[in-house]
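Asks: Dumping the structure here so I can ask a few things about it.
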Amino acid sequence: MAAEEAAEAALVRLPPEQGEENENEEEEEEDAGGGGEAAALNGVVVSGKVGSNKLDMEVTESEAEAKEKGAEQESIRESDSNILDVSSDSPREKHISIQRQLADLEKLADLNEAEKKPCPLCPEDKFKACYSHKLHRHLQNLHWKISVEFEGYRMCICHLPCRLVKPNLIGDQTFSKMGAHYHCIICSATITRRTDMIGHINRHVNKGETESRFITAPTAKSSPEVLKESDTDVQVLPNYSTPQKTDSYFNPKMKLNRQLIFCALAVLAEERKPIECLDAFGATGIMGLQWAKHLGSSVKVTINDCNENSVAMIQENCHLNKMKVILNAKEDDTDEAIEDGEESVGTIEVTKMDANVIMHLRSFDFIHLDPFGTSVNYLDSAFRNVRNLGIVSLTSTDISSLYAKAQNVALRHYGCNIVRTEYYKELAARIVIASVARAAARCNKGIEVLLAVALEHFVLVVVRVLRGPSPADDSAKKIKYLIHCQWCEERIFQRESSMVEENPYQQLPCDCYGSMPGKTAVVLGPLWSGALFNTGFLRRMLFEALQYGLEETQPLLKTLVCEAECTTLKQFSIHSSTDENKQEECGVYIKTPDTSAEFYLIHGKRKSNEVIRNTTKRQKCESSAEHPAFYYNIHRHSIKGMNMPKLNKFLSYLSKAGYRVSRTHFDPMGVRTNAPLAQFKAILVKYSTPTYTGGQAEGPVHLNEDLQVGDHVQAAVDGKAGDGEILEDKKSGVTAMVTKDCPTPCAAD
Numbered sequence: 141m142a143a144e145e146a147a148e149a150a151l152v153r154l155p156p157e158q159g160e161e162n163e164n165e166e167e168e169e170e171d172a173g174g175g176g177e178a179a180a181l182n183g184v185v186v187s188g189k190v191g192s193n194k195l196d197m198e199v200t201e202s203e204a205e206a207k208e209k210g211a212e213q214e215s216i217r218e219s220d221s222n223i224l225d226v227s228s229d230s231p232r233e234k235h236i237s238i239q240r241q242l243a244d245l246e247k248l249a250d251l252n253e254a255e256k257k258p259c260p261l262c263p264e265d266k267f268k269a270c271y272s273h274k275l276h277r278h279l280q281n282l283h284w285k286i287s288v289e290f291e292g293y294r295m296c297i298c299h300l301p302c303r304l305v306k307p308n309l310i311g312d313q314t315f316s317k318m319g320a321h322y323h324c325i326i327c328s329a330t331i332t333r334r335t336d337m338i339g340h341i342n343r344h345v346n347k348g349e350t351e352s353r354f355i356t357a358p359t360a361k362s363s364p365e366v367l368k369e370s371d372t373d374v375q376v377l378p379n380y381s382t383p384q385k386t387d388s389y390f391n392p393k394m395k396l397n398r399q400l401i402f403c404a405l406a407v408l409a410e411e412r413k414p415i416e417c418l419d420a421f422g423a424t425g426i427m428g429l430q431w432a433k434h435l436g437s438s439v440k441v442t443i444n445d446c447n448e449n450s451v452a453m454i455q456e457n458c459h460l461n462k463m464k465v466i467l468n469a470k471e472d473d474t475d476e477a478i479e480d481g482e483e484s485v486g487t488i489e490v491t492k493m494d495a496n497v498i499m500h501l502r503s504f505d506f507i508h509l510d511p512f513g514t515s516v517n518y519l520d521s522a523f524r525n526v527r528n529l530g531i532v533s534l535t536s537t538d539i540s541s542l543y544a545k546a547q548n549v550a551l552r553h554y555g556c557n558i559v560r561t562e563y564y565k566e567l568a569a570r571i572v573i574a575s576v577a578r579a580a581a582r583c584n585k586g587i588e589v590l591l592a593v594a595l596e597h598f599v600l601v602v603v604r605v606l607r608g609p610s611p612a613d614d615s616a617k618k619i620k621y622l623i624h625c626q627w628c629e630e631r632i633f634q635r636e637s638s639m640v641e642e643n644p645y646q647q648l649p650c651d652c653y654g655s656m657p658g659k660t661a662v663v664l665g666p667l668w669s670g671a672l673f674n675t676g677f678l679r680r681m682l683f684e685a686l687q688y689g690l691e692e693t694q695p696l697l698k699t700l701v702c703e704a705e706c707t708t709l710k711q712f713s714i715h716s717s718t719d720e721n722k723q724e725e726c727g728v729y730i731k732t733p734d735t736s737a738e739f740y741l742i743h744g745k746r747k748s749n750e751v752i753r754n755t756t757k758r759q760k761c762e763s764s765a766e767h768p769a770f771y772y773n774i775h776r777h778s779i780k781g782m783n784m785p786k787l788n789k790f791l792s793y794l795s796k797a798g799y800r801v802s803r804t805h806f807d808p809m810g811v812r813t814n815a816p817l818a819q820f821k822a823i824l825v826k827y828s829t830p831t832y833t834g835g836q837a838e839g840p841v842h843l844n845e846d847l848q849v850g851d852h853v854q855a856a857v858d859g860k861a862g863d864g865e866i867l868e869d870k871k872s873g874v875t876a877m878v879t880k881d882c883p884t885p886c887a888a889d
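Start counting the sequence shown at 141; every next residue gets the next number (the numbering used here).
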């Protein structure tokens, strides 16, 4: 026992290097002595045969445990050093796997000498020494081609035992497997996979960490970029257009969206002053800065964001635009960083809260929601404390689910069943409005839709809040299901009935469900069945756009006004100078003493009952002429072998036939009209020309309009005609036949 205690004490006193050397000496002496009668441990001789095997086992086990603990401690120290290296500003020498050119990597191997050389990035047990031509091919194919590039440098893959992994103990031997890895040029991290290394570098870039700690001559740190939009400067981080990778997301493509929201806020600011408005997801604060800079004292702007880095950037952008910053609505927390001699343009309150929390705690007149994705998680909070006759606007960017590309996500978020249709953009807008109406009804509030825009990458909805259970019931009644025919694209909102209808598809005007095999119709929804636009509000928005010089928004607003009134652009006019009463009934806003008395009666948060009644009457007048729901795509209903008329001419043909017609911003080739689909197709056939040559004619066949081809075609479409109608063109002498199965005129013998 005394010998065992002395051996253990000697092992404790030994450093790791001496322990390894003495272990080898011990093995040699055991082999020479034949049984290990004497073992030398750091100069101390332990003799005796009794318990020698037991002592050997204990020594090897203790050595293995010491090795394992040492490896773990060394890996911990390495990870700690990685963190310190990232934060330290002292430059370090770069790793040999980080090179600018392949020639620099070849210099490490001395390929010019005519002898075998090992690979500088591989251990000898993995790649043995070889001649220059083979080593050159190895460096090029297995190291250089799969490298990661960053600012002119290449991070090649390294097979050296640089990164320590936890050793595996098998019996009395210790094995540690070293895998291939990359060395980060910015920090001292080692990454195994190439895709992970690319993501690791991108995270450094998005955080602004582009200075390399390994390069002896570090490059200058890139300064944040300053962008300007609508006379407002914003400071953004690198990769500001990728919302998943950066803290402050700024999308220049959303400029039109921001201008539409600004016009809506400007209209509300003319109705009552001052108003409290909230930008719940500030990011860079560009939207709130534009509100405060252009509307001035008419608005009290609050910019909120839950990210600490975004809040810091919002404060910097406020100082950049000479704005005072109030933190958390306390006057004593005013952060003034404006230089001497400069006057502040306005005051902005910056808060760091969750969007649901701030909307639950405070009341606002105007709320804008623009999260990354869907807005349904914030609707209940938005309608909880919004003031009466206030405005809630929301931007939804989850177009994959709204545009029926991910139908399961639409069912999960909006509780709506949809399919891909020709009017899928308007369908998306009605899905969002239906979810907004349900959220408002839960708070005993109704909505009036002022604006609904669905473009390529976002859906914008602006609604006015009407407090009370009666408006809530009226809004809830406008949420209906839609019956859609997938064969002919006919659609109709399902009628309300207290009884369960056996075959709801019979409500469709077409007979595809009975004549075509299989299921041709589906039930979509629930959707918003009311109007999508308020004509008077859109006209006032157009006036504000003209006043503030928003040229990008004016064409879209003109199209929206025409779409809301279901008129063509030729009939469009902002106001009529002869009939002022008609201006007021249509919701036209002109700054005159007479009209200003209507909008500037009381400036404040609350209005008297008389003002509310006048506002309600004006809203009813504005929404009296409701536009028809949905639209038809002229290409979808074109006829094979026929040349369609121009879109503007086709609109005039529909208008001459006595139908309301307009273009739509949802689809550049869409037509919004109250004409049935059968009449729509009939007029399209009537004014289309064949593209083929007749049997006896030398050129394309042009049917004479005097023959009233549309009447025969309409009879064929409605099923009232017989097997066929013979049409004869007197000028060309060509006889054509229009049948029920083939509405295209065919040359007859």
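Virtual Cβ for every residue (Gly too), placed ideally from N, Cα, C. Here the structure is a predicted model, which is why all the values come from computation and not from measurement.
1. Could you give the first and the last residue of the continuous alpha helix (DSSP H) run that contains residue 633?
2. Give the secondary structure of residue 656 by DSSP, where H, G and I count as helix, E and B as strand, and everything else as coil.
3. Where DSSP assigns a beta bridge to residue 346, which residues make up the other side?
4. On the criterion of 16 or more Cβ atoms from any shown chain inside 10 Å, does residue 335 qualify as buried, or is it exposed?
5. Of the residues 653, 276 and 778, which one's Cα is nearest the Cα of residue 821?
6. Leaving out the 5 sequence neighbours to the left and right, which residues in its chain are closer than 7 Å to residue 460 when beta-carbon positions are compared?
7. Among 552, 509 and 560, which residue has its Cα nearest to the Cα of residue 537?
8. In the DSSP assignment, what are the bridge partners of residue 601?
9. Just curious, the beta strand (DSSP E) that residue 506 is in, first and last residue?
10. Could you work out which residue in 517, 618, 623 and 525 is closest to residue 535 when comparing CA atoms only?
11. Can you tell which of 590, 263, 786 and 271 has the C-alpha that lies nearest to the C-alpha of residue 300?
12. Whole alpha helix (DSSP H) runs in the segment 234-284 with 4 or more residues, listed along the chain?
13. What number of angstroms, rounded off, separates the C-alpha of residue 551 from the C-alpha of residue 288?
14. Label residue 732 either buried or exposed according to how many other C-beta atoms from any shown protein chain fall within 10 Å of its C-beta, with 16 as the threshold for buried.
15. Verify whether the separation of the beta carbon atoms of residue 623 and residue 648 is less than 7 Å.
16. Which value, in whole angstroms, describes the spacing of the CA atoms of residue 268 and residue 348?
17. According to the Cβ coordinates, are residue 420 and residue 457 closer than 7 Å?
18. For residue 375, write down the residues that DSSP places opposite it in a beta bridge.
19. Restricting to Cα atoms, I'd like to know which of 597, 566, 294 and 427 is closest to residue 805.
20. Cα separation between residue 791 and residue 491?
21. Using the rule of at least 16 other Cβ atoms within 10 Å of the residue's Cβ for burial, across every protein chain shown, is residue 427 buried or exposed?
22. Just the Cα atoms here: how many angstroms apart are residue 815 and residue 570?
23. Please work out which residues of its chain come closer than 6 Å, Cβ to Cβ, to residue 593, disregarding the five sequence neighbours upstream and downstream, and give them in chain order.
24. In angstroms, rounded to a whole number, what distance separates the CA positions of residue 783 and residue 368?
25. With DSSP collapsed to three states, give me the class of residue 620.
26. Beta-carbon within less than 6 Å of residue 653's beta-carbon, same chain only, minus the 5 sequence neighbours each way: which residues are those?
27. Under the assumption that residue 507 contacts residue 418 (Cβ atoms under 8 Å), give the Cβ distance between them as a whole number of angstroms.
28. Report the rounded CA-to-CA distance for residue 696 versus residue 399, giving the unit in angstroms.
29. Following the continuous alpha helix (DSSP H) through residue 680, name the residue where it begins and the one where it ends.
30. Here's a check: name, in chain order, each residue in its chain whose Cβ is nearer than 6 Å to the Cβ of residue 658, leaving out the five neighbours to either side.
31. Taking C-alpha atoms, which residue in 523, 515 and 486 lies nearest to residue 499?
32. Pick from 628, 617 and 650: whose alpha carbon is nearest that of residue 636?
33. Given this structure, state the Cα-to-Cα distance separating residue 642 from residue 629, to the nearest angstrom.
34. Tell me the DSSP bridge mates of residue 607?
35. When you compare only the Cα positions, how much space is there between residue 605 and residue 528?
36. For residue 512, count neighbouring Cβ atoms within 10 angstroms of its own Cβ and tell me buried if that reaches 16, exposed if not.
Replies: Let me lay it out:
1. Mapped onto the sequence shown, residue 633 falls at position 493. Here residue 633 belongs to no alpha helix (DSSP H); instead the beta strand (DSSP E) covers 631-633.
2. Within the sequence shown, the letter at position 516 stands for residue 656. Residue 656: coil per DSSP, three-state reduction.
3. Here the question's residue 346 lines up with position 206 in the sequence shown. None; residue 346 has no bridge partner.
4. Within the sequence shown, residue 335 is the residue found at index 195, counting from 1. By the 10 Å Cβ count, residue 335 comes out exposed.
5. Residue numbering aside, residue 821 sits at position 681 when the sequence shown is read from its first letter. Nearest of 653, 276 and 778 to residue 821, Cα basis: 778.
6. For the purposes of this step, residue 460 is taken as residue 320 along the sequence shown, with counting starting at 1. 373 and 375, listed in sequence order.
7. Taking the first residue of the sequence shown as 1, we reach residue 537 at position 397. Among 552, 509 and 560, the Cα nearest to that of residue 537 belongs to 509.
8. What you label residue 601 is simply residue 461 of the sequence shown in a count that begins at 1. According to DSSP, which records beta bridges pairwise, residue 601 is partnered with 534 and 592.
9. Here residue 506 refers to the residue found at position 366 of the sequence shown. Looking at the DSSP string, the run of the beta strand (DSSP E) that includes residue 506 is 504-509.
10. The residue you call residue 535 lines up with position 395 of the sequence shown. The candidate whose alpha carbon is nearest that of residue 535 is 517.
11. Within the sequence shown, the letter at position 160 stands for residue 300. Residue 300 has its Cα closest to that of 263, out of 590, 263, 786 and 271.
12. 242-249 and 272-279
13. Start at 1 with the first residue of the sequence shown, and residue 551 comes out as number 411. Start at 1 with the first residue of the sequence shown, and residue 288 comes out as number 148. In a straight line, the C-alpha of residue 551 is about 41 Å away from that of residue 288.
14. Here residue 732 is taken as the residue at index 592 of the sequence shown, counted from 1. A caution first: residue 732 carries a pLDDT of 31, below 50, which makes its placement in the model unreliable, though a value can still be read off. Residue 732 counts as exposed, since fewer than 16 other C-beta atoms from the protein chains shown sit within 10 angstroms of its C-beta.
15. As a working note, residue 623 is residue 483 in the sequence shown. As a working note, residue 648 is residue 508 in the sequence shown. Yes, the Cβ-Cβ distance between residue 623 and residue 648 is below 7 Å.
16. Counting from 1 along the sequence shown, the entry for residue 268 is found at position 128. Counting from 1 along the sequence shown, the entry for residue 348 is found at position 208. Rounded to whole angstroms, residue 268 to residue 348 spans 42 Å at the Cα level.
17. As a working note, residue 420 is residue 280 in the sequence shown. As a working note, residue 457 is residue 317 in the sequence shown. Their beta carbons are not under 7 Å apart, which means residue 420 does not touch residue 457 by this criterion.
18. Reading the sequence shown from its first residue, position 235 is the one you call residue 375. For residue 375, which the question treats as bridged, DSSP gives the partners 366.
19. Within the sequence shown, the letter at position 665 stands for residue 805. Residue 805 has its Cα closest to that of 566, out of 597, 566, 294 and 427.
20. As a position in the sequence shown, residue 791 is number 651, starting the count at 1. As a position in the sequence shown, residue 491 is number 351, starting the count at 1. Each residue's Cα considered, the two are about 51 Å apart.
21. Within the sequence shown, numbered from 1, the residue matching residue 427 stands at position 287. That one is buried.
22. What you label residue 815 is simply residue 675 of the sequence shown in a count that begins at 1. What you label residue 570 is simply residue 430 of the sequence shown in a count that begins at 1. Approximately 21 Å between the Cα atoms of the pair.
23. What you label residue 593 is simply residue 453 of the sequence shown in a count that begins at 1. Around residue 593: 600.
24. In the sequence shown, residue 783 corresponds to position 643, counting from 1. In the sequence shown, residue 368 corresponds to position 228, counting from 1. Going from the Cα of residue 783 to the Cα of residue 368 covers about 47 Å.
25. Mapped onto the sequence shown, residue 620 falls at position 480. Reduced to three states, the DSSP call for residue 620 is strand.
26. As a working mapping, residue 653 is identified with position 513 in the sequence shown. So the list reads 645, 660 and 661, once near-sequence residues are dropped.
27. Position 367 of the sequence shown, counted from the start, is the residue given in the question as residue 507. Position 278 of the sequence shown, counted from the start, is the residue given in the question as residue 418. So it is a contact: roughly 5 Å between Cβ atoms.
28. Position 556 of the sequence shown, counting from 1, holds the residue named residue 696. Position 259 of the sequence shown, counting from 1, holds the residue named residue 399. Near 11 Å, if we compare the C-alpha coordinates of residue 399 and residue 696.
29. For the purposes of this step, residue 680 is taken as the residue at position 540 of the sequence shown. Run containing residue 680: 675-688, per the alpha helix (DSSP H) assignment.
30. On the sequence shown, position 518 is the one that residue 658 refers to. So no residue of the chain qualifies.
31. In the sequence shown, the residue the question calls residue 499 occupies position 359. Looking at the Cα atoms, 523 is the closest of the given residues.
32. As a position in the sequence shown, residue 636 is number 496, starting the count at 1. Residue 617 is the option with its Cα nearest to residue 636.
33. Walking along the sequence shown from the start, residue 642 turns up at place 502. Walking along the sequence shown from the start, residue 629 turns up at place 489. Taking the straight line from one Cα to the other gives about 22 Å.
34. Mapped onto the sequence shown, residue 607 falls at position 467. DSSP output for residue 607 lists 585 as bridge partner(s).
35. The residue given as residue 605 occupies position 465 in the sequence shown. The residue given as residue 528 occupies position 388 in the sequence shown. Roughly 6 Å separates the two Cα atoms.
36. Position 372 of the sequence shown holds residue 512. Under a 10 Å Cβ-count criterion, residue 512 is classified as exposed, with fewer than 16 other Cβ atoms of the shown protein chains found around its own Cβ.
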